[in-house]
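Chains as they are written, first to last, in our numbering: chain P, 1 to 291; chain B, 1001 to 1790.
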């Protein structure tokens, strides 16, 4: 479990990283927190000619307020998201979910940009970006562009990012005042990849739902916003029947695989169970209660 | 559970003497040893479950930078004698263990080519360039299919994959079953587990050309067995072959065999004249360290109308992996399953039969509990099933059948003898500590609310600290029944106690120091315990099978008592007093009732250094060093009852352990904190077996659980608080009155949890007969149960 030989560049600027990536001609890989890349190197699943570390590039990390939302630098660590008062104020679901990401040592190194680019279907941040309608900003030789999270994740470990692009920041637009949220996942052990997970945002006008968002993970090649479930909730007064109908819609929407830790049927079952739980929690929070 | 601190060092809550070293990073593990000129070994291992080796091309690898040698089976034939695990057991067929595969590979991970290079990185780069041409053969994965005639055979010279068969019988079990009012039967499956010690296996061999002497630093539990085996395999006498186990980060049985890598580093160091090091990475550990617990038990229990057990019948298949492990043989675990299946109960008629079947998987060997976790799982499930048939509470069912105090010594159906031990005391102790009746009432309320709340009991008895009358493994030609202690007071007055056992987490540096200190009359911190070194004593087999406290503790007691007698003799002369008036305590030697006294350094100086202080006859008699060997001859019984309370989420099927109570009889406790720790660690591994851990091979023999992301060892977050009740029932089975307690936690926990989960699911009528009971398995069982109901 030793990595194959590779060259190493600690890029001092984004331009240097972009140039090196382009010059690498498909043989170069970007190193951010290294929490997925290093194990893959040690298993020799990847044999890149060049590793370009982004860790010394100034300005690539940090969380700042932007309009009513947040701008999160790609090099921001999971632990910073977990502890950030700005995240807690604007997107409490994001901060609360971070404690489910692996273990403390991994959260101290792992980055939001790295997690999104790795695009593990059971990872929390990709699902949360879909839930929060994030814009993912990337730079390459051709300049800068921003991709909607919903278009970013193409498949398991596959994104819409071009080979020569580097994710630099994530833009999270403001949520409606007073909205409620829910997050749940089921993992075999504390810190394991989730067998399935779900997150929801609900805003109420009076007792009717003005906005409902539902995202699920771990049971589909990509994180998924479940439009069918959201449609069932929108403009409705939520009761247990609506919750169950939305849960069924979510379970029907996913296409899980069988693997070592769970069968497809069990994952689908969990999506239904967890969807119902996050909707109930989000509703209660939107009603000003503590779930 | 508060333990009363008694006067004296045995029984005292002494902080572990090894902890300051280990916890501050000052321990020395094999990989910490850096010898100049060391070559590093990496392997090209089989990626086939079963294949013939057609050709091996090492040319490109040998030409890689930093590579010193590329070695195949053909290259080592001159210096390594073939070896295999023999046994006196009939119906057993040994398998020759290749250090490097020659003609065939029989599991994924089997070493085929060894590459030596200046560092591990270069060695792995070169190993990747070795080309091996295989002719794939059909794999043998399912042990039941593998036992059938016509199945592909792994070892042609045996002609069958069934490499061992054994059975035990007492009474007429067929008649007992035929006439019994209540019969319950099940097919119980426990899945393959791996020890997953924190420190992977690691070996460093250093050959001294001048002395023609070899030193092996090995993360082994058994330096003496490794030394004795290597002496034969490599043809080096024991006085020029030393095996040192420095600090070792856990073993759990996985470091009890002799491994091919261990042989190879020694051979290559001798051949090349440079130190050779190999440290397994986690991938190698998970694919090649000995695995265990892979048995299928089909069993039937017959009872009278009042619950009295009438008979037990069992057929067991053990999936032993590709070879019979050295030196214990593949019979070790499967035979123990049928040896211990009757449990702590009166079973008047019994028939147990076992087959050990070779498969295209890593070897199996000892793992904490050896066989008893499986036998206890099967028997305790049957006892609960019978209780349910009879509408009897599981606690009462056990009370009615457990061997009672007046029935000891009790001979089990397989001929083992239980000495007086606290069987019933443990059962009652666990029930009382847990407030069993209160729990049942709580369960009734929980069930009324639709909650899945379960209570599980598991009782067992095991035989620990085996003496020379009983082999640790059936028919094994190695005496595992004695241990030696060599204790000396040197010329400075310092006390050193040397043992052949090898502590690798058990805290034996502390517990043995407590025994020596108490018997000799010094302070615990005055005793330096030497262990894990084949040179420490003439013969030892190491630390495994819950033996070190009883055997090494016994040897320490004998040696320390004899040494104290020497101290008394010398002091009586030096202090001009009668021997009967000499008191030795806390490192001081006094004449009772006077102020005449001397210290150990003063005594040592008088004995060794100062001419004329002792008369000539006394000088030859009192050399302040004693070596004694202890043989408990039989074994010492150690029973326990575990009680688990679980609650299952009726939607996600997550199993939460609400309470965990252990009442165990470990005889005289040396150190209550260490006793607690042994139980905690054992239960944690039992929880792993019950809920999380499973080695999975696919049909091609590929191992799917080759990382700790996929092989799930429970973490601290998954382990509940435990309530541990130690019952110190006196025993005369060994000199110290101790009972082994290293393995019990792992023996009781799978059964207790299986019974608790079954109890929680009683409203659905689900029986847990397969472990680990993962959420996905529960999902399938519950779905089936709901289907049946609709």
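No residue lacks a Cβ here, since even glycine has one placed at the ideal position from N, Cα and C.
The beta strand (DSSP E) spanning residue i covers which residue range?
{"i": "residue 1598(B)", "result": "1597 to 1599"}
{"i": "residue 217(P)", "result": "208 to 217"}
{"i": "residue 139(P)", "result": "135 to 140"}
Report yes or no: is there a C-beta of chain P within less than 8 Å of the C-beta of residue i?
{"i": "residue 1112(B)", "result": "no"}
{"i": "residue 1730(B)", "result": "no"}
{"i": "residue 1403(B)", "result": "no"}
{"i": "residue 1294(B)", "result": "no"}
{"i": "residue 1715(B)", "result": "yes"}
{"i": "residue 1776(B)", "result": "yes"}
{"i": "residue 1645(B)", "result": "no"}
{"i": "residue 1282(B)", "result": "yes"}
{"i": "residue 1690(B)", "result": "no"}
{"i": "residue 1003(B)", "result": "For residue 1003(B), the pLDDT reaches just 41, beneath the cut-off of 50, and the residue's location in the model is therefore unreliable, although a value from the coordinates is still provided. For residue 1003(B), the answer is no, since every Cβ of chain P falls outside 8 Å of its Cβ."}
{"i": "residue 1105(B)", "result": "no"}
{"i": "residue 1121(B)", "result": "yes"}
{"i": "residue 1779(B)", "result": "yes"}
{"i": "residue 1288(B)", "result": "no"}
{"i": "residue 1045(B)", "result": "no"}
Can you name the start and end residues of the alpha helix (DSSP H) that residue i belongs to?
{"i": "residue 115(P)", "result": "112 to 118"}
{"i": "residue 95(P)", "result": "92 to 97"}
{"i": "residue 43(P)", "result": "Neither: residue 43(P) is in no alpha helix (DSSP H) and is coded neither H nor E."}
{"i": "residue 1786(B)", "result": "1775 to 1789"}
Return helix, strand or coil for residue i, following the three-state DSSP convention.
{"i": "residue 1408(B)", "result": "coil"}
{"i": "residue 1318(B)", "result": "strand"}
{"i": "residue 1001(B)", "result": "Residue placement at residue 1001(B) cannot be trusted, given a pLDDT of 38 that sits under 50; the coordinates are not used to answer."}
{"i": "residue 1423(B)", "result": "helix"}
{"i": "residue 1190(B)", "result": "strand"}
{"i": "residue 1225(B)", "result": "helix"}
{"i": "residue 1048(B)", "result": "coil"}
{"i": "residue 1401(B)", "result": "helix"}
{"i": "residue 1816(B)", "result": "In this structure chain B extends from 1001 to 1790, so residue 1816(B) is not present and cannot be described."}
Check the DSSP bridge columns for residue i and list the partner residues they point to.
{"i": "residue 1639(B)", "result": "1461(B)"}
{"i": "residue 1456(B)", "result": "1644(B)"}
{"i": "residue 203(P)", "result": "211(P)"}
{"i": "residue 1111(B)", "result": "1045(B)"}
{"i": "residue 1131(B)", "result": "1057(B)"}
Hey, is residue i's beta-carbon within less than 8 Å of any beta-carbon in chain B?
{"i": "residue 19(P)", "result": "no"}
{"i": "residue 118(P)", "result": "no"}
{"i": "residue 220(P)", "result": "no"}
{"i": "residue 41(P)", "result": "no"}
{"i": "residue 266(P)", "result": "yes"}
{"i": "residue 100(P)", "result": "no"}
{"i": "residue 269(P)", "result": "yes"}
{"i": "residue 28(P)", "result": "no"}
{"i": "residue 262(P)", "result": "yes"}
{"i": "residue 189(P)", "result": "yes"}
Candidates the options: which alpha carbon is nearest residue i's?
{"i": "residue 1680(B)", "options": "1578(B), 1408(B), 1724(B), 1653(B)", "result": "1724(B)"}
{"i": "residue 1791(B)", "options": "1290(B), 1439(B), 1164(B), 1405(B)", "result": "Nothing about residue 1791(B) can be read from this structure; chain B reaches only from 1001 to 1790."}
{"i": "residue 31(P)", "options": "25(P), 70(P), 118(P), 107(P)", "result": "118(P)"}
{"i": "residue 1600(B)", "options": "1732(B), 1495(B), 1433(B), 1756(B)", "result": "1495(B)"}
{"i": "residue 1433(B)", "options": "1664(B), 1580(B), 1236(B), 1287(B)", "result": "1664(B)"}
{"i": "residue 1206(B)", "options": "1274(B), 1231(B), 1696(B), 1246(B)", "result": "1274(B)"}
{"i": "residue 71(P)", "options": "271(P), 214(P), 174(P), 237(P)", "result": "174(P)"}
{"i": "residue 1503(B)", "options": "1773(B), 1248(B), 1023(B)", "result": "1248(B)"}
{"i": "residue 1622(B)", "options": "1605(B), 1522(B), 1483(B), 1775(B)", "result": "1605(B)"}
{"i": "residue 1283(B)", "options": "1149(B), 1540(B), 1194(B)", "result": "1194(B)"}
{"i": "residue 221(P)", "options": "126(P), 142(P), 214(P)", "result": "126(P)"}
{"i": "residue 1048(B)", "options": "1593(B), 1334(B), 1328(B), 1106(B)", "result": "1106(B)"}
Could you tell me whether any non-hydrogen atom of the ligand ZN is closer than 7 Å to the CB of residue i?
{"i": "residue 1593(B)", "result": "Looking at this structure, you won't find the ligand ZN or any other ligand, since it has none at all."}
Below 9 Å between beta carbons is the criterion; list the residues of the stretch 1199 to 1212 of chain B that meet it against any residue of chain C, in chain order.
Protein chains in the displayed structure are P and B, and chain C is not among them.
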